[in-house]
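For what it's worth, my numbering labels the leading residue of the sequence shown as 699, then goes sequentially. To start, the structure itself, in C-alpha coordinates.
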Amino acid sequence: MLEHIELFFKSIFVDNMVFAYFLGMCSYLAVSKKVSTAVGLGAAVIFVLTVTVPLNWLLDQYILQDGALVWLGADFAAYNLSFLSFILFIATIATMVQLVEIVVEKFSPSLYNSLGIFLPLIAVNCAILGGSLFMQSREIETLSLALNYGFSSGIGWFLAIVAIAAIREKIRYSNVPAPLRGLGITFIITGLMAIGFMSFGGMLTGSGDSATPVVTESADKLVEQQSTLEKEAAAAQTAVVSELKNE
(Lines of atoms letter the chains of each structure in order from A and count residues from 1; the text may use other names and numbers.)
(Lines give C-alpha, C1' and ligand atoms only; values in the text may rest on other atoms or scores of the structure.)
Protein backbone atom coordinates (compact mmCIF):
# COMPACT_ATOMS: atom_id res chain seq x y z
CA MET A 1 0.00 0.00 0.00
CA LEU A 2 2.81 2.40 0.89
CA GLU A 3 4.43 1.62 -2.44
CA HIS A 4 1.27 2.71 -4.26
CA ILE A 5 0.96 5.92 -2.24
CA GLU A 6 4.61 6.78 -2.78
CA LEU A 7 4.40 6.11 -6.53
CA PHE A 8 1.20 8.18 -6.77
CA PHE A 9 2.59 11.34 -5.19
CA LYS A 10 6.03 10.93 -6.72
CA SER A 11 4.59 10.69 -10.24
CA ILE A 12 2.52 13.84 -9.72
CA PHE A 13 5.00 16.12 -7.98
CA VAL A 14 8.55 14.76 -8.26
CA ASP A 15 8.49 13.07 -11.69
CA ASN A 16 5.94 15.43 -13.24
CA MET A 17 5.79 14.88 -17.00
CA VAL A 18 5.90 18.62 -17.73
CA PHE A 19 7.98 20.15 -14.95
CA ALA A 20 10.51 17.33 -14.51
CA TYR A 21 10.85 15.98 -18.07
CA PHE A 22 9.18 18.71 -20.20
CA LEU A 23 7.16 16.14 -22.13
CA GLY A 24 4.00 17.06 -24.01
CA MET A 25 5.04 20.70 -24.33
CA CYS A 26 3.39 21.23 -27.73
CA SER A 27 -0.13 20.61 -26.39
CA TYR A 28 0.80 22.20 -23.06
CA LEU A 29 1.65 25.51 -24.74
CA ALA A 30 -0.97 25.51 -27.50
CA VAL A 31 -4.09 24.50 -25.53
CA SER A 32 -3.42 26.37 -22.29
CA LYS A 33 -4.97 29.72 -23.20
CA LYS A 34 -8.28 28.92 -21.47
CA VAL A 35 -8.86 26.87 -18.33
CA SER A 36 -11.94 25.13 -19.74
CA THR A 37 -10.02 23.88 -22.77
CA ALA A 38 -7.05 22.86 -20.62
CA VAL A 39 -9.34 20.87 -18.32
CA GLY A 40 -10.82 19.00 -21.28
CA LEU A 41 -7.47 18.09 -22.79
CA GLY A 42 -6.03 17.26 -19.36
CA ALA A 43 -8.91 14.88 -18.66
CA ALA A 44 -8.34 13.20 -22.04
CA VAL A 45 -4.63 12.77 -21.23
CA ILE A 46 -5.50 11.26 -17.83
CA PHE A 47 -7.80 8.74 -19.48
CA VAL A 48 -5.34 7.80 -22.23
CA LEU A 49 -2.42 7.40 -19.81
CA THR A 50 -4.54 5.43 -17.33
CA VAL A 51 -5.59 2.98 -20.04
CA THR A 52 -2.47 2.75 -22.22
CA VAL A 53 0.19 2.33 -19.51
CA PRO A 54 -1.34 -0.88 -18.03
CA LEU A 55 -2.21 -2.18 -21.52
CA ASN A 56 1.36 -1.63 -22.66
CA TRP A 57 2.57 -3.22 -19.42
CA LEU A 58 0.66 -6.37 -20.38
CA LEU A 59 2.17 -6.23 -23.87
CA ASP A 60 5.63 -5.82 -22.40
CA GLN A 61 5.24 -8.62 -19.85
CA TYR A 62 3.59 -11.23 -22.06
CA ILE A 63 4.80 -10.43 -25.58
CA LEU A 64 7.75 -8.05 -25.85
CA GLN A 65 10.25 -8.99 -23.15
CA ASP A 66 12.95 -11.56 -23.70
CA GLY A 67 11.32 -14.92 -22.96
CA ALA A 68 7.87 -13.37 -22.44
CA LEU A 69 6.29 -15.77 -24.93
CA VAL A 70 7.09 -18.78 -22.77
CA TRP A 71 3.38 -19.03 -21.95
CA LEU A 72 2.88 -20.19 -25.56
CA GLY A 73 5.27 -23.07 -25.01
CA ALA A 74 8.92 -23.84 -24.43
CA ASP A 75 9.68 -23.38 -28.14
CA PHE A 76 8.83 -19.66 -27.86
CA ALA A 77 10.94 -18.95 -24.77
CA ALA A 78 13.94 -17.83 -26.82
CA TYR A 79 12.06 -15.11 -28.70
CA ASN A 80 12.75 -11.46 -27.87
CA LEU A 81 10.32 -9.00 -29.46
CA SER A 82 11.44 -5.91 -27.53
CA PHE A 83 12.34 -4.22 -30.83
CA LEU A 84 8.59 -3.92 -31.49
CA SER A 85 8.00 -1.84 -28.34
CA PHE A 86 7.65 1.52 -30.07
CA ILE A 87 5.33 0.21 -32.78
CA LEU A 88 2.99 -1.65 -30.43
CA PHE A 89 2.98 1.08 -27.79
CA ILE A 90 2.08 3.75 -30.36
CA ALA A 91 -0.59 1.49 -31.89
CA THR A 92 -2.20 1.04 -28.45
CA ILE A 93 -2.04 4.78 -27.78
CA ALA A 94 -3.51 5.66 -31.19
CA THR A 95 -6.41 3.25 -30.63
CA MET A 96 -7.27 4.78 -27.27
CA VAL A 97 -6.99 8.33 -28.63
CA GLN A 98 -9.42 7.49 -31.42
CA LEU A 99 -11.84 6.17 -28.81
CA VAL A 100 -11.50 9.38 -26.78
CA GLU A 101 -12.01 11.49 -29.91
CA ILE A 102 -15.21 9.64 -30.79
CA VAL A 103 -16.60 10.03 -27.25
CA VAL A 104 -15.72 13.74 -26.98
CA GLU A 105 -17.17 14.52 -30.40
CA LYS A 106 -20.37 12.67 -29.47
CA PHE A 107 -21.00 14.14 -26.01
CA SER A 108 -19.19 17.52 -26.09
CA PRO A 109 -19.01 19.03 -29.58
CA SER A 110 -17.97 22.43 -28.20
CA LEU A 111 -14.97 20.94 -26.40
CA TYR A 112 -14.15 18.88 -29.49
CA ASN A 113 -14.12 22.02 -31.64
CA SER A 114 -12.05 24.00 -29.13
CA LEU A 115 -9.42 21.26 -28.89
CA GLY A 116 -9.23 21.04 -32.67
CA ILE A 117 -6.26 19.18 -34.08
CA PHE A 118 -4.66 18.77 -30.65
CA LEU A 119 -7.07 16.02 -29.58
CA PRO A 120 -5.97 13.50 -32.25
CA LEU A 121 -2.40 14.72 -31.74
CA ILE A 122 -2.49 13.14 -28.28
CA ALA A 123 -1.60 9.98 -30.17
CA VAL A 124 1.87 11.42 -30.81
CA ASN A 125 2.09 13.34 -27.54
CA CYS A 126 5.49 12.44 -26.10
CA ALA A 127 4.04 12.53 -22.56
CA ILE A 128 1.73 9.63 -23.45
CA LEU A 129 4.47 7.56 -25.04
CA GLY A 130 6.86 8.63 -22.28
CA GLY A 131 4.53 7.13 -19.67
CA SER A 132 4.76 3.70 -21.32
CA LEU A 133 8.50 3.94 -21.91
CA PHE A 134 9.15 5.02 -18.31
CA MET A 135 6.97 2.13 -17.14
CA GLN A 136 9.13 -0.22 -19.19
CA SER A 137 12.52 1.24 -18.22
CA ARG A 138 11.68 1.43 -14.50
CA GLU A 139 10.56 -2.20 -14.56
CA ILE A 140 7.25 -1.66 -12.79
CA GLU A 141 6.45 -5.07 -11.39
CA THR A 142 2.66 -5.35 -11.17
CA LEU A 143 -0.36 -4.36 -13.22
CA SER A 144 -1.79 -2.37 -10.31
CA LEU A 145 1.40 -0.30 -10.06
CA ALA A 146 1.29 0.30 -13.82
CA LEU A 147 -2.32 1.48 -13.52
CA ASN A 148 -1.35 3.70 -10.60
CA TYR A 149 1.59 5.13 -12.52
CA GLY A 150 -0.48 5.90 -15.62
CA PHE A 151 -3.24 7.58 -13.62
CA SER A 152 -0.92 9.64 -11.41
CA SER A 153 1.24 10.71 -14.37
CA GLY A 154 -1.92 11.89 -16.10
CA ILE A 155 -2.95 13.86 -13.03
CA GLY A 156 0.49 15.48 -12.95
CA TRP A 157 0.13 16.60 -16.58
CA PHE A 158 -3.43 17.74 -15.89
CA LEU A 159 -2.34 19.91 -12.96
CA ALA A 160 0.46 21.42 -15.03
CA ILE A 161 -1.71 22.47 -17.98
CA VAL A 162 -4.58 23.73 -15.82
CA ALA A 163 -2.18 25.75 -13.65
CA ILE A 164 -0.50 27.44 -16.62
CA ALA A 165 -3.90 28.07 -18.25
CA ALA A 166 -5.16 29.82 -15.10
CA ILE A 167 -2.01 31.95 -14.97
CA ARG A 168 -2.23 32.84 -18.67
CA GLU A 169 -5.82 33.97 -18.23
CA LYS A 170 -4.66 36.39 -15.53
CA ILE A 171 -1.64 37.53 -17.56
CA ARG A 172 -3.96 38.89 -20.25
CA TYR A 173 -4.76 41.76 -17.92
CA SER A 174 -1.12 42.39 -17.00
CA ASN A 175 1.31 44.77 -18.65
CA VAL A 176 3.78 42.21 -20.00
CA PRO A 177 6.72 43.68 -21.98
CA ALA A 178 6.07 43.34 -25.71
CA PRO A 179 9.03 41.00 -26.46
CA LEU A 180 7.82 38.54 -23.80
CA ARG A 181 4.14 38.40 -24.67
CA GLY A 182 2.72 35.03 -25.67
CA LEU A 183 5.09 32.08 -25.54
CA GLY A 184 7.96 34.09 -24.06
CA ILE A 185 6.33 34.78 -20.70
CA THR A 186 4.75 31.30 -20.77
CA PHE A 187 8.18 29.66 -21.00
CA ILE A 188 9.48 31.81 -18.15
CA ILE A 189 6.52 30.95 -15.91
CA THR A 190 6.85 27.26 -16.78
CA GLY A 191 10.50 27.36 -15.77
CA LEU A 192 9.66 29.04 -12.46
CA MET A 193 6.93 26.47 -11.80
CA ALA A 194 9.39 23.67 -12.59
CA ILE A 195 11.82 25.13 -10.05
CA GLY A 196 8.99 25.20 -7.52
CA PHE A 197 8.15 21.56 -8.18
CA MET A 198 11.79 20.63 -7.57
CA SER A 199 11.18 21.37 -3.89
CA PHE A 200 8.96 18.29 -3.69
CA GLY A 201 11.98 16.09 -4.45
CA GLY A 202 13.17 15.98 -0.85
CA MET A 203 9.72 15.57 0.68
CA LEU A 204 9.19 11.97 -0.44
CA THR A 205 11.40 9.21 0.85
CA GLY A 206 11.19 7.47 -2.50
CA SER A 207 12.75 10.45 -4.28
CA GLY A 208 15.91 9.96 -2.30
CA ASP A 209 16.07 6.17 -2.42
CA SER A 210 17.98 6.04 -5.66
CA ALA A 211 20.39 8.75 -4.54
CA THR A 212 21.03 7.46 -1.03
CA PRO A 213 23.34 4.53 -1.94
CA VAL A 214 25.40 6.82 -4.17
CA VAL A 215 25.73 9.46 -1.46
CA THR A 216 26.56 6.87 1.19
CA GLU A 217 29.14 5.21 -1.04
CA SER A 218 30.76 8.57 -1.82
CA ALA A 219 30.88 9.49 1.87
CA ASP A 220 32.47 6.13 2.74
CA LYS A 221 35.09 6.64 0.05
CA LEU A 222 35.91 10.11 1.37
CA VAL A 223 36.30 8.79 4.92
CA GLU A 224 38.52 5.97 3.66
CA GLN A 225 40.65 8.38 1.64
CA GLN A 226 40.96 10.73 4.60
CA SER A 227 42.04 7.86 6.85
CA THR A 228 44.62 6.73 4.27
CA LEU A 229 46.01 10.25 3.95
CA GLU A 230 46.25 10.61 7.72
CA LYS A 231 48.15 7.32 7.97
CA GLU A 232 50.51 8.33 5.16
CA ALA A 233 51.11 11.71 6.78
CA ALA A 234 51.82 10.09 10.15
CA ALA A 235 54.23 7.62 8.52
CA ALA A 236 56.02 10.42 6.69
CA GLN A 237 56.27 12.44 9.88
CA THR A 238 57.72 9.46 11.74
CA ALA A 239 60.25 8.90 8.97
CA VAL A 240 61.35 12.54 9.07
CA VAL A 241 61.71 12.47 12.86
CA SER A 242 63.76 9.26 12.67
CA GLU A 243 66.02 10.74 10.01
CA LEU A 244 66.59 13.88 12.08
CA LYS A 245 67.48 11.79 15.12
CA ASN A 246 69.98 9.76 13.10
CA GLU A 247 71.66 12.95 11.93
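Every residue, glycine too, gets a C-beta built ideally from N, C-alpha and C.
| Item | Value |
| --- | --- |
| At least 3 beta-carbon pairs within less than 8 Å: the region 758-777 vs the region 799-810 | no |
| Residues of its chain near V912, where Cβ-Cβ distance is below 8 Å and the 5 sequence neighbours each way are ignored | Here V912 scores only 37 on pLDDT, less than 50, and its place in the model is too uncertain to base an answer on. |
| CB of S851 within 8 Å of CB of M715, strictly | yes |
| Reduced DSSP category for D773 - H, G, I as helix; E, B as strand; rest coil | helix |
| For N778, three-class secondary structure by DSSP | coil |
| Cβ pair count under 8 Å reaching 3, the region 773-791 against the region 816-836 | yes |
| Three CB pairs or more closer than 8 Å across the region 845-862 and the region 738-755 | yes |
| Contact check, V729 vs L857, beta carbons under 8 Å | no |
| Cβ-Cβ distance between I710 and G854 below 8 Å | yes |
| Per-residue DSSP class, three states only, for A792 | helix |
| Reference A892, options F706, Y719, K708, E701, closest by Cα | Y719 |
| Residues near V743 by beta carbon distance below 6 Å, same chain, minus five either side | G852, W855 |
| Limits of the alpha helix (DSSP H) - the one that Q834 falls within | 824-835 |
| Assigned exposure category for V712 - 16 Cβ within 10 Å defines buried | buried |
| Q834 and D758 closer than 8 Å at C-beta | yes |
| CB contact flag (I800, L779, <8 Å) | no |
| Inter-residue spacing [alpha-carbon to alpha-carbon] between G899 and G740 | 23 Å |
| Residue burial classification, L827 (beta-carbon count within 10 angstroms, cutoff 16) | buried |
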